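A short write-up of the structure that comes next.
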Amino acid sequence: MNAAPIHRAGHRFMLDPAGVVIWPARRTLIVADLHLEKASASAARGSLVPPYDTRTTLDRLALLLRHYAPETVIALGDSFHDAAGPARLATEDAARLARLEAAHRFVWIAGNHDQGVGGMESWHEDHCVFRHEAGEVGAGMVEFSGHFHPRARIATRAAAIGRPCFVTDQHRVLLPSFGAYTGGLDVTAAPIRALFPRGGQVFMLSRDRVFAFPLAHAARAA
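Okay, so the sequence shown: first residue is 1 according to the UniProt record's numbering, each after it adds one.
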């Protein structure tokens with residue numbers, strides 16, 4: 001996979017096509033919106049979907065952790081789909097998550113879905129701030145956030161293509177959702193546009209690379 005480099009707040013970051021950010025100098029992997037146990041939450045409300053989202057999400061995460069071998073993993077909130085999610089984990093999934101936590105230092109940020117599970121409101125490190133939902137960004141800082149599950153569409157000669165994406169400018173990096181069963185909000189929607197009033201850059205995910213284009217070129221969702 002070919003990650004795309006960006007430079008923010010004096011640091012070099014890599015946008016991986018799997019939807020995570022790598023901070024090589026700090027041996028850190030940043031991931032947003034795992035939404036573990038979303039399927040079991042849906043089942044509890046009577047909507048039966050295959051109960052494989054947690055397993056699939058942990059498979060994908062474990063593969064990236066083996067590849068990059070980070071010392072630290074920063075999870076930007078909504079790691080569980082709801083506060084009761086940890087209690088619904090299958091025994092083997094809980095054991096696997098525990099093994100990942102034993103092998104890497106996890107920084108858990110609290111999100112709106114998993115309030116009550118634990119985690120901090122934000123994490124600050126060397127002019128970088130990590131939080132679930134975008135907020136105020138100080139001068140000379142860069143913010144990493146999730147929450148909105150950004151997706152973008154770009155028009156081609158054949159058809160419009162829509163995929164999860166990163167959205168960034170010099171002060172913000174908005175990450176796509178990493179969870180297997182999560183949807184997304186189009187980057188042309190008002191909540192995302194409001195974060196980038198002077199425009200930004202979209203990095204659309206594909207199998208083995210990201211495709212960059214200006215936010216202004218994103219096609220509106222049908």
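The C-beta atom is built at its ideal place from N, Cα and C for all residues, glycine as well. Keep in mind that this is a model prediction, so the values were computed, not measured.
In terms of alpha-carbon separation, which member of the options lies closest to residue i?
i: S145; options: R153, F130, I154; result: F130
i: H147; options: G183, T91, D169; result: G183
i: S206; options: V173, A62, G162; result: G162
i: D126; options: H104, P164, L195, T28; result: T28
i: A139; options: P70, A9, N2; result: A9
i: Y68; options: A216, E121, R26; result: R26
i: H11; options: G111, A194, M141, L61; result: M141
i: L89; options: H217, M1, A41, M14; result: A41
Compute the beta-carbon to beta-carbon distance between residue i and residue j, rounded to the nearest angstrom, for a pair I have assumed lies under 8 Å.
i: S177; j: H132; result: At roughly 12 Å, the Cβ-Cβ gap does not stay under 8 Å, so S177 and H132 are not in contact.
i: W108; j: A75; result: 5 Å
i: D186; j: P17; result: With 8 Å as the limit, D186 and P17 do not qualify as a contact, their Cβ atoms being about 20 Å apart.
i: V20; j: L63; result: That pair is no contact at about 11 Å.
i: Q115; j: T168; result: Contact doesn't hold; Cβ gap of about 27 Å is too wide.
i: A110; j: G77; result: 6 Å
Tell me whether residue i is buried or exposed, calling it buried when 16 or more other Cβ atoms sit within 10 Å of its Cβ.
i: E37; result: buried
i: R35; result: For clarity, residue 35 is His in the given sequence; the question names Arg instead. That one is buried.
i: S79; result: buried
i: D59; result: exposed
i: P197; result: exposed
i: V31; result: buried
i: R172; result: buried
Return the chain-ordered list of same chain residues with a C-beta closer than 7 Å to the C-beta of residue i, the five sequence neighbours on each side being excluded.
i: A219; result: R153, I154, A155, A160
i: R96; result: L58
Quick one: residues in its chain with C-beta nearer than 6 Å to the C-beta of residue i, no 5 flanking neighbours on either side, listed in chain order?
i: A180; result: D53, T56, T57
Excluding the five sequence neighbours on either side, which residues of its own chain have a C-beta within less than 8 Å of the C-beta of residue i, listed in chain order?
i: R105; result: E71, T72, V73
Could you confirm whether any beta carbon from chain C is found closer than 8 Å to the beta carbon of residue i?
i: G140; result: Absent from the structure: chain C. Only one protein chain is present.
Flag this pair as touching only if the segment 45 to 54 and the segment 151 to 165 have three or more C-beta atom pairs under 8 Å; answer yes or no.
-> No: fewer than three Cβ pairs fall under 8 Å.
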